[in-house]
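Participant: Sharing a structure with you now.
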Amino acid sequence: MITLGVGDHGASKKPGEVIKTYALGSCVAVVLLDPKTRTVGMAHIALPDSSIQPDRAKERPAYFADTGLPVLFKAMEKQGAAKNGHGMIVKLAGGAKVMDHNEVFNIGKRNVLAIKKILWQYKLGPVAEDVAGSISRTVSLEVDTGRVTISSAGRGSWYL
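In my numbering, the protein residues as written are 162 to 321.
Laid out in structure tokens, this is it:
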């Protein structure tokens, strides 16, 4: 299993492997699947724009949407996937309002919008998403099937 923390990313095409990230609040899991090579990848993105912390972006590029998506595409390419996400299936989860009930910062919403804007530059868009709301989500991605499972305390689990 590849376990991702905040700002981590991973890619695999190893049979039986699972990529998993825990407790997404306002963070967003970007899931990529290359159907031709059966390569999968995920990034746990915390903030929309790296310009606020360029040093952190260098050490942990997937912490930010603008640096995280390119580094995830590169990790997928190293596994044999298409360049720049060409032909990939994209799914998103997270982007909740967990600690911002007065919507002062809107980090979750800003993360989702920044990610979509970047995806559109690559001519990609999510085919499925489970975003917003006020729940914490754990996301698992299976290499063998490409299945994305989301779970949340008190709500059980479901597929995306």
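Even glycine gets a Cβ: it sits at the ideal position worked out from N, Cα and C.
Give the secondary structure of residue 283 by DSSP, where H, G and I count as helix, E and B as strand, and everything else as coil.
Facilitator: Your numbering for residue 283 matches position 122 in the sequence shown. Here residue 283 sits in coil by DSSP.
Participant: Identify, in the order they occur along the chain, each residue of the same chain with its Cβ nearer than 8 Å to the Cβ of residue 313, setting aside the five sequence neighbours on each side.
Facilitator: Reading the sequence shown from its first residue, position 152 is the one you call residue 313. The residues are 296, 297, 298 and 299.
Participant: Compare the beta carbon distance of residue 250 and residue 202 with 9 Å and say whether it is the shorter of the two.
Facilitator: Start at 1 with the first residue of the sequence shown, and residue 250 comes out as number 89. Start at 1 with the first residue of the sequence shown, and residue 202 comes out as number 41. Not closer than 9 Å, so no.
Participant: Out of curiosity, what's the CA-to-CA distance linking residue 288 and residue 194?
Facilitator: Reading the sequence shown from its first residue, position 127 is the one you call residue 288. Reading the sequence shown from its first residue, position 33 is the one you call residue 194. Going from the Cα of residue 288 to the Cα of residue 194 covers about 11 Å.
Participant: DSSP on residue 218, reduced to helix/strand/coil?
Facilitator: On the sequence shown, position 57 is the one that residue 218 refers to. Helix at residue 218.
Participant: Would you say the stretch 204-211 touches the stretch 220-233, given that touching needs at least three Cβ pairs under 8 Å?
Facilitator: The stretch 204-211 vs the stretch 220-233: in contact.
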